[in-house]
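Chemist: Residue numbering for the sequence shown follows this note's numbering, starting at -13 and increasing by one per position. Cβ coordinates follow ideal geometry from the N, Cα and C atoms, glycine included.
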Amino acid sequence: MFTVTRDIERLSDGVYDVLIVGGGIVGAGAARDAALRGLRVALIDQGDFASGTSSRSSKLIHGGLRYLQHAEVRLVREACVERATLLRIAPHLVEPLPLLFPCYRKSGPPVWKLRLGLWIYDLLAGSKVIRSHEMLSAQDILNRESALNAEGLEGGGVYYDCRMNDARLCLENALDAARAGATIFNYVKLMNVLRTGGRIDGAVCMDLETGREAAIRFRAMINAAGPWADQIRRMDDGTAAPVVRKTKGVHLVTRRLSECGIAAAVRQDGRMIFILPFPPNFSLIGTTDTDSNEDPDEASINVSDVDYLLSAAQILFPRSNLNSNDVISCFAGLRTLISTGDRPSDASREYFIEESRSGMISVIGGKYTTYRAMAERVVDRIMRRLGKSKVACQTAEPLTSADGARSADAAGIATQYPDGLSEISPGCRVLWGEAVHAIRREGARRPMDFLRRRTDYCLTHRPDAAVLTRLSDLFQKELGWDDSTRARLERQSLDEWNRFQIRSF
-13 MFTVTRDIER LSDGVYDVLI VGGGIVGAGA ARDAALRGLR VALIDQGDFA SGTSSRSSKL
47 IHGGLRYLQH AEVRLVREAC VERATLLRIA PHLVEPLPLL FPCYRKSGPP VWKLRLGLWI
107 YDLLAGSKVI RSHEMLSAQD ILNRESALNA EGLEGGGVYY DCRMNDARLC LENALDAARA
167 GATIFNYVKL MNVLRTGGRI DGAVCMDLET GREAAIRFRA MINAAGPWAD QIRRMDDGTA
227 APVVRKTKGV HLVTRRLSEC GIAAAVRQDG RMIFILPFPP NFSLIGTTDT DSNEDPDEAS
287 INVSDVDYLL SAAQILFPRS NLNSNDVISC FAGLRTLIST GDRPSDASRE YFIEESRSGM
347 ISVIGGKYTT YRAMAERVVD RIMRRLGKSK VACQTAEPLT SADGARSADA AGIATQYPDG
407 LSEISPGCRV LWGEAVHAIR REGARRPMDF LRRRTDYCLT HRPDAAVLTR LSDLFQKELG
467 WDDSTRARLE RQSLDEWNRF QIRSF
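#1: Just to confirm the assignment, what range does the beta strand (DSSP E) spanning Ile410 have?
#2: Just verifying my parser: in three-state terms, what is the DSSP assignment at Met(-13)?
#3: Is it true that the CB of Arg371 sits closer than 8 Å to the CB of Ile339?
#4: Out of Met221, Gly466, Arg456, Gly398, which one is the CA nearest neighbour of Ile410?
#5: Label Pro265 either buried or exposed according to how many other C-beta atoms from any shown protein chain fall within 10 Å of its C-beta, with 16 as the threshold for buried.
#6: Within 10 angstroms of the Cβ of Lys92, are there 16 or more other Cβ atoms? Answer buried if so, exposed if not.
#7: Tell me, which residues are paired with Glu199 by DSSP?
#8: I'd like to confirm the pairing. Which residues does DSSP put opposite Ala249 in its beta bridges?
#9: Just the Cα atoms here: how many angstroms apart are Arg335 and Leu407?
#10: Please say whether Phe87 and Ala249 have beta carbons closer to each other than 8 Å?
#11: Note down, one range per segment and in chain order, each beta strand (DSSP E) of at least 3 residues found wholly within the segment 320 to 371.
#12: Counting contacts by CB-CB distance shorter than 8 Å, is Gly112 in contact with chain B?
#13: For Cys316, which residues does DSSP report across the bridge?
#14: Alpha carbon to alpha carbon, how far is Gly530 from Phe268?
#15: Name, in chain order, the residues that DSSP records as bridge partners for Ala206.
#16: Considering only the beta carbon of each residue, do Ile218 and Val7 sit closer than 8 Å?
#17: What are the residues that DSSP puts in a beta bridge with Gly141?
#18: Quick check: the segment 138 to 145 against the segment 6 to 24, are there 3 or more CB pairs under 8 Å?
#19: Going by CA-CA distance only, name the one from Pro404, Met369, Val67 that's closest to Ser113.
#20: Tell me which residues share the same chain as Met(-13) and place their Cβ nearer than 7 Å to its Cβ, disregarding the 5 neighbours each side in the sequence.
#21: Please report the distance separating the alpha-carbon of Ile488 from that of Pro449.
#22: Would you mind working out which of Ala164, Arg52, Leu128, Gln125 sits nearest Ile106, comparing C-alpha positions?
#23: Sorted by chain position, which residues of the same chain lie with C-beta nearer than 6 Å to Ile116's C-beta, five sequence neighbours on each side aside?
#24: Give me, in chain order, the residues of the same chain whose beta-carbon lies closer than 7 Å to that of Thr356; leave out the 5 immediate sequence neighbours on both sides.
#25: Contact defined as beta carbons within less than 8 Å: I believe Cys89 pairs with Val97. What is the distance between those atoms, to the nearest angstrom?
#26: Using beta-carbon positions only, say whether Gly95 and Ala251 come within less than 8 Å of one another.
#27: For Gly197, which residues in the same chain have their Cβ closer than 7 Å to its Cβ, ignoring the five residues on either side in sequence?
#28: Enumerate, from N- to C-terminal direction, the unbroken alpha helix (DSSP H) stretches of 4 or more residues contained entirely within the segment -1 to 86.
#29: My parser needs the alpha helix (DSSP H) runs of 4 or more residues fully inside the segment 425 to 469; what are they?
#30: Beta-carbon separation of Val174 and Ile301 under 8 Å?
#31: Whose CA, out of Thr182, Leu73, Ile271, Ile425, lies closest to the CA of Cys246?
#32: Under 8 Å, do Val179 and Ile170 count as touching if we go by C-beta distance?
#33: Pull up the distance between the alpha-carbon of Val1 and that of Arg205, whole angstroms please.
#34: Pick from Thr39, Pro412, Ile425: whose alpha carbon is nearest that of Gly466?
#35: Can you grab the Cα-Cα spacing for the pair Val313 / Phe260, in whole Å?
#36: With a threshold of 7 Å on Cβ separation, who are the neighbours of Glu(-5) within its own chain once the five nearest residues in sequence on each side are excluded?
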């Protein structure tokens, strides 16, 4: 079983075929792809794996129904194909989700337009369709979700996409890359890049836990840093014009409002709002879509973001009496889009691959659902450069964890650890032994790595100092922290946990 290393000097051992900067879903997917094709791969992230946008999505794997109004047929078709692939290779993390789309007289599309859109959506999916859509009368919709707003309801439809665990899907791609031979590090920062004869072929990296630096040499470099991509591009070329457009998406986790997923356009701006079942008994409400110039590390939430989402939910469920006291947690992430002048919600989710004069390859834009196809294209380019283009992509094969190996290993560790089979809080279904497994096998370095990305605990529980204290004790024992490190990281973790609460702003 793979164990994450902290020996940063490994990066100075020989020459890597490719260095990938960014441990989000595109970087993790590219690392898995490249390693499975036999390349020597290094993957680094200045934070935890998936700690940026890749753990702050709407938790949907979807074809992109709303992109049809902009005639983005190729994107929708590709996303539908990738949706089917992810269902097959990660069935433990991606599962079908029915989405009910109610049509109201004074907002959103009319029933005829929805009918046409859903027909085209299923047509583009072809044999990859999960289940064909169904048109419903107003009464049919209320029979399914009796608490929905009946005023002005004219009918609607139900269609099928998927929900997912975004942080774990990213993490398990990174771990699969490591099992295939990649060297992966979280909390390691790219400090600068090195060139020989005008070509980028090296970099200096710093382990943020120890302050130790290491020089790494490589034949190719992929910039998959998402919202940070322009910063990496400027390390290569200080005059590089920005190409990244950052838009902020805010989500709320509340008490359960509906049994099936709801997709609707009930606001005057025409944007779609999703209300999705969130395990075990909550709802996820999202999302806002506004331009942002914030530091990606500090994506903030303000009162207007929360009011926007709560008011949309109240329109759909007027008898719910939903208010800010019902918000268990909230989170914000910055999406990476290609810079355009369109409204954020209208901007394309297409992506492009840029190669600089010195040879740095940057992946810009895209959407979570198509990460595997994006990774395949960028690794194809690397393979051509290295003269290995005949080696085909293998990432359409199931993730290693899909066969239950991870669960069996976690259970084995849990049974050996005192209280390992005990829940960390009553009824939460998260065990203390899972935290030990996360540290020993999944690279968790700080309590929030476990509470937020190895599990969703902090999204469904309010901050609990007692839980965090005991978890910090466990991390100190497992990682050998001194007392000052323990106190500092426990304090940082509590501050981060509090940022998921609306009372923090």
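Modeler: Here's the rundown:
#1: Segment: none, Ile410 is in no beta strand (DSSP E) and carries neither H nor E.
#2: Low confidence applies here, because Met(-13) scores a pLDDT of 47, under 50, leaving its location unreliable; read the following figure in that light. Residue state, collapsed to three classes: coil.
#3: no
#4: Arg456
#5: exposed
#6: exposed
#7: Met192
#8: Phe260
#9: 43 Å
#10: yes
#11: 337 to 341, 347 to 351
#12: As a matter of chain content, chain B is missing from the structure shown, which is built from one protein chain.
#13: Leu238
#14: Within the shown structure, residues of the chain are numbered from -13 to 491, placing residue 530 beyond reach of any answer.
#15: Val4
#16: yes
#17: Cys89
#18: no
#19: Val67
#20: In this predicted model, Met(-13) has a pLDDT of only 47, less than 50, meaning its place in the structure is not dependable; the value taken from the coordinates is given anyway. Asp395, Arg427, listed in sequence order.
#21: 12 Å
#22: Arg52
#23: Pro82, Tyr146
#24: Glu64, Ala65, Glu68
#25: 5 Å
#26: Here residue 95 turns out to be Pro, not Gly, going by the sequence shown. Their beta carbons are under 8 Å apart, which means Pro95 touches Ala251 by this criterion.
#27: none
#28: 11 to 22, 59 to 75
#29: 443 to 446, 451 to 465
#30: no
#31: Ile271
#32: no
#33: 7 Å
#34: Ile425
#35: 16 Å
#36: Ala200
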